Amino acid sequence: MSAPTPKDGVRVEVAGGANGRRRISVCAGTACVFAGSLKIRDAFVAEVAAAGLGDQVEVRISGCHGLCSQGPLAVVSGDDTYYPRLKLRDVKRVVEEHLVGGAPVEKLLYVDPATGERVRCAHDIPFYRQQRRIALRDVGVIDPESLDEYLARGGYEAARKALTTMTPEAIIDEVLASGLRGRGGAGFPTGMKWKFARQSPGDVKYVICNGDEGDPGAFMDASIMDGDPHAVLEGMLIASYAIGAREGYIYVRAEYPLAVRRLRLAIAEAEGRGLLGDDLFGSGWSFHLKIKEGAGAFVCGEETALIASIEGRRGMPRTRPPFPAVRGLWGKPTNINNVETYANVPWIIANGSAAYAAVGSETCKGTKAFSLAGKIVNGGLAEVPMGSTLRHVIFDVGGGVKDGKAFKAVQLGGPSGGCVPAALLDTPVDYESLAATGAIVGSGGMVVADESTCMVDLARYFLEFTQRESCGKCVPCRLGTKRMLEILERITAGEGEDGDIERLEKLATTIKKTSLCGLGQTAPNPVLTTIRYFRDEYVAHIDEHRCPACACDALIAFSIDPDLCTGCTLCAKKCPVGAITGDKKQAHRIDQSLCVRCDSCRAACRFDAVKVVSGPEQIAAALRAEAGD
Amino acid sequence: MPRRVTRTPATVALPAGVDGPDLDRVGAITDDLDPTGNLIAVLQRLQQEFGYLPEPVIDELARLSGVPASRIYGVITFYAQFSTTPSGRHRVCVCHGTACHVAGAARITEALEQELHVEDGGTTRDMEFTLDSVACMGACSQAPVMRVDDDTYGNLTADQTRTIVRELVAELGLEVRRPGGAPEPTAEGGERS
């Protein structure tokens, strides 16, 4: 077994197989599953058996390995070889040449886009090399469905240490000293939260894990829950002892069936081995854990709404105080932390608060996991020290913008967050610095936008989301976001009016100040930050009826450049509405009255002859060119 | 209220039949779980059992548990997962998370609306397909993505989406979709609207 302790946060190395067997570890994170990794796993099982290697090689799955854009991927233990973008036909080769023949299949190895060279080991790939993994220490490394693997990596040792050698106060002091702050987005010091819950009078208390990761474009918590469920359980167990809560709940978003399944399995296995339940580690401490599945409501990520939902009610937030630490679930003192927060706790107890506090920036200690998505080369899951710059995360770890396009903005923190432009790429990633830009760390979603992303449309998209998810309890959020959305819909439809930008700003200010909960208080952020940094795009939509990114359907037209069109007829075949006409080997034309702007023709054209333009004059010019005038 | 963006993950064949739901099954579930403190879990189990939450089932739950039907409806209409209308036999679900949105998820939904002749959130008249959107499936690096029952598809284009649906329709032996989503009416029919 290589790297047996969770101390080893840097190297992403797949555990070896049981009984010294070699292991093929196939990533079964969500993105890889979408890319077909379960079929790859089945093919490995079949090929390994066919090669007669059944007793020497085991095929296992792992949680999200991180570099999702290279999925489906697999890692062979022993020489730690990383095979990205596997196809079914590659499997036989890997088994025959690598496992039987003993030499890694050179042709299938990862190619570093910067150097063009092939890289064999995952930890030599820049994406992995530049990370510091604490919360994700075992995600993608161990089989999430095996408690033994978690134990082999030092699992539950921190809980044993806490329960058998530390007082609750000492644990709280340790967490305080580590500087750990809530990873759900708000960044409240975790130790303080625990202290309040500990000090609240009462015999019955609860701990809750908030696994209602609702931000579109964020999947860190899902990856932890389905990639390393025991880390969450162990963190909660330590918290339960520190606070004095003998019961706990994990609230998981409805859309994460895999996380629910793996957590259930993990709880059952931990109970079976005496790691959850009564008299744990002979300390006399008891802790019982249950799962509550959400039912599809974004607002339940707010802690008081989440509590209402666990109680079986409509998930509507209430005013605070009283905070849940005083009056929470069933009216009892309750501590709520996010998944990633809990996952950090065992590491802190095992390695000490000083080791944790040594990582990160002045005000923000430790690391933060981010999901990198959108127009980025290395889409996936990355964990970096707090205080790293956005540039480092997006360009060094993330590999920069896809298809050689220009970076326009990064959207942070989902519907509660904001868009940060290129000029601010050197902003350090920590709670205070990002708040100053108008964005937030949030739960950790980072969606990169390039020149083809319309910032007004992106703001509209987020507001449509928060509007739909507004619970309706308070007026500013229920009606205010609706009015804002209507204005944004008008602007993207080319019907913007003078004064719309000012109206949006005024509404936004009121909604932020007067909404009951975090959902409403942050809902205007995507609009405010895009107005702040991309006001010219709003102006172009309103004054010129032009979408600079050519993304808003109402303001664009597709046309065919007769000089480039070869008359191959492919676009006409792909057009779902028969809007494209033309003879073979003659330049084609698009009937604007039929065109539904589905982009199929442009995607199909191999000669770059289909153009999309925006703005009345630009469209008129393109259509004149198409007509040959 | 939040618009329905998700439904139960399991698409169950039309359960009710002509005789209405078997209400004894409601009792079996409420015996197992106490509805007063577990209303959401009970509703999830009921929806799994019946495919959706028909009115007689809700009335029976209210009768058995003593929880007023008005409160049960309050919960049902609050959460996107619950549905009081039956879903199609096959669930086509397009991700509209941020990454999928910037990668053109709207065009995928549009293509599906045209192919299946059904609006987003609706069910075809022959009860074969329900078209839905969800906020994020967490497969952002494969964006845009969709799920058809248990099959997942990534890096889609509108054109590929059409091909996938056409192949599925052929595979299922269904007639080519027509406006309204129904093949020529057959003797059986069996659909309700």
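Residue numbers (numbering that gives the first Met the number 0), protein chains in the order written: chain F, 0 to 628; chain G, 0 to 192.
The C-beta atom is built at its ideal place from N, Cα and C for all residues, glycine as well.
For clarity, every value in this text was computed on a predicted model and none was experimentally measured.
In this structure, the straight-line span from the alpha carbon of F/C473 to that of G/E174 is close to 49 Å.
Contact between the segment 85 to 101 of chain G and the segment 317 to 326 of chain F is not established, with fewer than three Cβ pairs separated by less than 8 Å. DSSP places F/C299 in the helix class (H, G or I) of the three-state scheme. Interface annotation, F/M315: in contact with chain G, CB-CB separation under 9 Å. The C-beta distance from G/A98 to F/V446 rounds to 6 Å, short enough to meet the 8 Å contact threshold.
The C-beta of F/R22 has 16 or more other C-beta atoms within 10 Å across all chains shown, which makes the residue buried. Secondary structure at F/F406: strand, using DSSP grouped into helix, strand and coil. At least one CB atom of chain G sits nearer than 9 Å to the CB of F/K573.
Here the alpha carbon of G/D150 sits roughly 20 Å from the alpha carbon of F/F218.
Nearest CB-CB separation between F/T513 and chain G: not below the 9 Å threshold.
Pairing F/L108 with F/G35 gives a Cβ-Cβ distance that is not under 9 Å.
Where F/M445 is concerned, the enclosing beta strand (DSSP E) starts and stops at G444 to D449.
Within chain G, the residues whose beta carbon sits less than 7 Å from that of F/S308 are I39, listed in sequence order. Here G/P67 is exposed, its C-beta having fewer than 16 other C-beta atoms within 10 Å. Distance between F/G184 and F/G412, taken at the CA atoms: about 8 Å. Beta bridge pairing from DSSP links F/L411 with F/G417 and F/M445.
Three or more beta-carbon pairs separated by less than 8 Å are not found between the segment 576 to 589 of chain F and the segment 531 to 546 of chain F, which leaves the two stretches without contact. For secondary structure counted as the alpha helix (DSSP H) over 4 or more consecutive residues, the segment 252 to 293 of chain F holds these complete runs in sequence order: 256 to 271. In chain order, L38, I39, R70, G73, V74 and F77 make up the part of chain G whose C-beta sits under 9 Å from the C-beta of F/R312. In the DSSP assignment, G/H89 falls outside any alpha helix (DSSP H) and within the unbroken beta strand (DSSP E) covering H89 to C94. Against G/M136, the close residues of chain F are T29, F33 and E254, in the order they occur along the chain (beta-carbon pairs closer than 8 Å). For G/P67, no CB of chain F lies under 9 Å from its own CB, so it is not counted at the interface with that chain. Under the three-state reduction of DSSP output, F/P320 falls in the coil class, being neither helix nor strand.
Nearest in C-alpha terms to F/C453, of all of F/E504, F/P525, F/L52 and F/P384, is F/P525.
With fewer than 16 other CB atoms across the displayed protein chains lying within 10 angstroms of its CB, F/K512 is exposed. The segment 321 to 340 of chain F and the segment 486 to 495 of chain F do not touch, with fewer than 3 CB-CB distances between them shorter than 8 Å.
Leaving aside the five residues that flank G/G153 on each side, the residues in its chain whose CB is nearer than 7 Å to its CB run, in chain order, A138, Q141 and V144.
Of all residues in the segment 416 to 449 of chain F, only G444, V446 and A448 place a beta-carbon less than 8 Å from a beta-carbon of chain G. G/T97 belongs to the set of residues whose beta carbon lies under 9 Å from a beta carbon in chain F. Closest in alpha carbon position to G/Y72, among F/R312, F/R272, F/V75 and F/V110, is F/R312. Contact note: F/C594 does not reach chain G at a C-beta cutoff of 9 Å; the least C-beta distance is about 13 Å. Counting along the chain, F/T366 sits inside the beta strand (DSSP E) bounded by residues T366 to G373.
According to the DSSP assignment, G/Y78 belongs to no alpha helix (DSSP H), since it is labelled neither H nor E. The CB of G/T151 comes closer than 7 Å to the CB of V32 and F33 in chain F, given here in chain order. Taking C-beta atoms under 8 Å as the contact rule, F/T333 and F/I306 qualify, at a distance of about 7 Å. For the C-beta of G/D158, the chain F residues within less than 7 Å are, from N- to C-terminus, K573, S599, A602 and A603.
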